[in-house]
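For the sequence shown, position 31 (counting from the first letter as 1) is numbered 31 according to full-length UniProt numbering, and the numbering increases by one without interruption.
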Amino acid sequence: MRKSHPVRRAVLAGAATVSGIVLLLSLKPASDPGSAQAAGQAPPAAAGQAPQGGVNGAVTGDAAQTQYGAVQVRLTMNNGKITQAEAVQAPKGGRSDQITASSVPRLNQAAVAAQSAEIDAVSGATYTSAGYKKSLQSALDKAKASAGAQQGSGNAQTLTGDVAQTQYGPVQVRVTVAGGKITKAEAVQAPKGGRSDQITSSSVPRLNQAAVAAGNADIDAVSGATYTSAGYKKSLQSALDKAPAGGGSSQAAGSGGGQAAGSGGGQAATQTLTGSVAQTQYGPVQVRVTVAGGKITKAEAVQAPKGGRSDQITSSSVPRLNQAAVAAGNAQIDAVSGATYTSAGYKQSLQSALDQAGG
1 MRKSHPVRRA
11 VLAGAATVSG
21 IVLLLSLKPA
31 SDPGSAQAAG
41 QAPPAAAGQA
51 PQGGVNGAVT
61 GDAAQTQYGA
71 VQVRLTMNNG
81 KITQAEAVQA
91 PKGGRSDQIT
101 ASSVPRLNQA
111 AVAAQSAEID
121 AVSGATYTSA
131 GYKKSLQSAL
141 DKAKASAGAQ
151 QGSGNAQTLT
161 GDVAQTQYGP
171 VQVRVTVAGG
181 KITKAEAVQA
191 PKGGRSDQIT
201 SSSVPRLNQA
211 AVAAGNADID
221 AVSGATYTSA
231 GYKKSLQSAL
241 DKAPAGGGSS
251 QAAGSGGGQA
261 AGSGGGQAAT
271 QTLTGSVAQT
281 QYGPVQVRVT
291 VAGGKITKAE
301 AVQAPKGGRS
311 DQITSSSVPR
321 LNQAAVAAGN
331 AQIDAVSGAT
341 YTSAGYKQSL
351 QSALDQAGG
């Protein structure tokens, strides 16, 4: 048959067409990098990732105690993403100054880059890194709780209370709140070592059960575990205080934390917010504020330095600091003369409380 014969040309053309169709059909849909998004599929979020869902403003984590001092992290978030991380507390004095100056900026950068608390420790700053990661996770927990409240009160929130120092060691409580009720309570820190191990193992499970059953911090102390019980209740109340307005019921809010005033239609929500403990040279300072309509209506120090000369300084300075906080409506208040350390701790804890309200 000649090469130019019409039948031969038709056969060759048909074979070429079939080959082209086979090649097109063999292409894998996954070859398009955007195919998953086009189909409405999103990659799974990593554990501990910064919560998405419109969280904006500053969020301050709990202070993490380390062998060389406290570490506390504050995050600035925009639409659920970490845009800035900073350590508002870090070990200082002697060798710690050099370690802090070297490690904290790197930890800040790592937090923003990772968008989670899953960051590597800085070599030579093991304790500072561990404390930083712990406080960072606490801040993310608070942001997650806030995001959950924005999406609806029926969503679960994880709230971590402040560390309560007791005679036998720190106690810190984390609760899960859903539909305005405490669905889970756990102690992430409790006294340990020697006799404390037995007391903790016996009392903490009972305190956890009591918190879930009561739905607030008004629970009975466990016999033989007076200090642990007191610390547990204090940290539990702190956790409930952090529930944003509208994020839980008055039952879960306990003795006022996160309750919304409802005596009149359209009345502004009232929140009771407890700041993180600020460690000072003379003792801890912790501030609780009541906020209504975006204004501070009441401020009080639930912890302040005490003993010896501190009693006189505290009784003189704290009432003036409380008044200044209400008058200013923020943490930009003047220190009280003769109470420099107490004033600094007060302002730090006050700012932490206001951060929980998004302002």
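For glycine and all other residues, C-beta sits at the position ideal for the given N, C-alpha and C.
Since the structure is predicted, the reported quantities are computational estimates derived from the model, not experimental observations.
Here Val59 is near Ala139, since their CB atoms are less than 8 Å apart.
Secondary structure of Asn56 (DSSP, three-state): coil. Nearest neighbour of Ala230 by Cα position, chosen from Thr274, Gly194, Gly179, Val171, turns out to be Val171. Spatial neighbours of Ala164 in its own chain (CB-CB distance under 6 Å, excluding positions within 5 residues in sequence) are listed in chain order as Val171, Gly231, Lys234, Ser235. Scanning the UniProt domain "FMN-binding" (281–357) from its first residue to its last, the whole alpha helix (DSSP H) runs of 4-plus residues come out as 309–328, 340–356. In this structure, DSSP gives Ile82 an extended state, which the three-state scheme calls strand. Residue pairing by DSSP places Gln279 opposite Pro284 in a beta bridge.
In the DSSP assignment, Ile182 falls outside any alpha helix (DSSP H) and within the unbroken beta strand (DSSP E) covering 181–189. When the Cα atoms are used, Asp162 and Val122 turn out to be separated by approximately 26 Å.
Of the residues Tyr282, Ala301, Pro319, Thr290, the one whose Cα lies closest to the Cα of Gly307 is Tyr282.
The C-beta of Gln323 has fewer than 16 other C-beta atoms within 10 Å across all chains shown, which makes the residue exposed. Contact check for Gly61 against Val73 passes: the beta carbons are separated by less than 8 Å. Gly131 carries a helical assignment under DSSP once its states are collapsed to helix, strand and coil. Counting along the chain, the unbroken beta strand (DSSP E) around Ala178 starts and ends at 169–178. According to DSSP, residue pairing for Ala164 in a beta bridge involves Val171.
Between the alpha carbons of Thr274 and Thr160 lies a distance of about 12 Å.
Burial check for Ala211: the Cβ neighbour count within 10 Å reaches 16 or more, so the residue is buried.
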